[in-house]
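Residue 0 is where the sequence shown starts when you use numbering that gives the first Met the number 0, and the numbers rise one by one after that. A short worksheet on the structure shown next.
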Amino acid sequence: MTITVLVADDQAMVRAGFAAVLDAQDGIEVVGQAVDGTEAVRLARELRPDVVVMDVRMPGMNGIEATAALQTPPRSSDYVPKVLMLTTFDIDEYVHAALRAGASGFLLKDALPDEVARAVRVVAEGDALLAPSVTRRLIEDVARRAPAPVVDEHLLAQLTAREREVLELVARGRSNQEIAAELFIAEQTVKTHVSKILQKLGLRDRVHAVVFAYDTGLVRPAR
């Protein structure tokens, strides 16, 4: 099936570049381009793309506000797209807010064409974006600046000891294969644990599991 995409960025060259890269990929079609958050929300609800590639910083309604709006559709609609945020390492302070708004992950603006296409496909399939280490580095940088949270044992009590171990390793950027090797269990078992963690905690995907781990104090940023 073809994955439909809307690209939102106030910089014409960036917007056109991402659109051209994605349109050239098999199985991906760019159905629209937006110059700001307001237009992104309007076009998304009109065109109903599978994925919105959204810049963080835009005039008027920014990418975070637009993402939050798209995650809360009007009563007459059940349409909620996946959102892939465009970011650079110099705006890390927006990472946490974007994830809380409902973004499924991040794409660096200097990403290679293959990375752009892969990111869109991963998000469209309902998974978290890119290598866990990329998202972990961004979130850890934000967490490092915030006061250390108190471990929320009430929330974490919903998890088994093994699930808690797996969640901690996910938050530290380990892949399923690496977690399996470290805990001496099958990779499929790791996938099962991750699915149960997301279900128990009401989390959307792996990226939000990382945020949860830092928010609750299960994992502390390296100093």
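Beta carbons: idealized from backbone N, C-alpha and C, even for Gly.
When C-alpha distances from GLU152 are compared across VAL218, ALA15, ALA39, the shortest belongs to VAL218.
Contact between the region 66–78 and the region 19–28 is absent, with fewer than three C-beta pairs closer than 8 Å. In this structure PRO80 is in contact with PRO48, their Cβ atoms being roughly 6 Å apart against a cut-off of 8 Å.
With respect to the 8 Å criterion, PHE17 and VAL30 are not classified as neighbours on the basis of their beta carbons. Inter-residue distance for GLU114 and MET84 is about 14 Å (C-alpha atoms, whole angstroms). Going by DSSP, THR191 is part of the alpha helix (DSSP H) stretching over 186–200.
Going by DSSP, PHE105 is part of the beta strand (DSSP E) stretching over 104–107. Uninterrupted beta strand (DSSP E) stretches at least 3 residues long and entirely within the region 39–72 occur at 50–54, given in chain order. For GLN176, the uninterrupted alpha helix (DSSP H) segment begins and ends at 175–182. Going by DSSP, VAL218 is part of no alpha helix (DSSP H) at all; its letter is neither H nor E. For the pair LEU158 and ILE196, the CB atoms are nearer than the 8 Å cut-off. For a cut-off of 8 Å, the C-beta gap from VAL169 to ARG117 is around 20 Å, too long to register as a contact. Listed in chain order, the non-local C-beta contacts of ALA43 below 7 Å within the same chain comprise LEU5, VAL51, LEU69, PRO80, local neighbours out to five positions each way being set aside. Among the bridge pairs identified by DSSP, MET84 is matched with MET53, PHE105. Under the DSSP definition of a beta bridge, GLU152 lacks any partner. A buried status is given to THR86, since no fewer than 16 other beta-carbon atoms sit within 10 Å of its beta-carbon.
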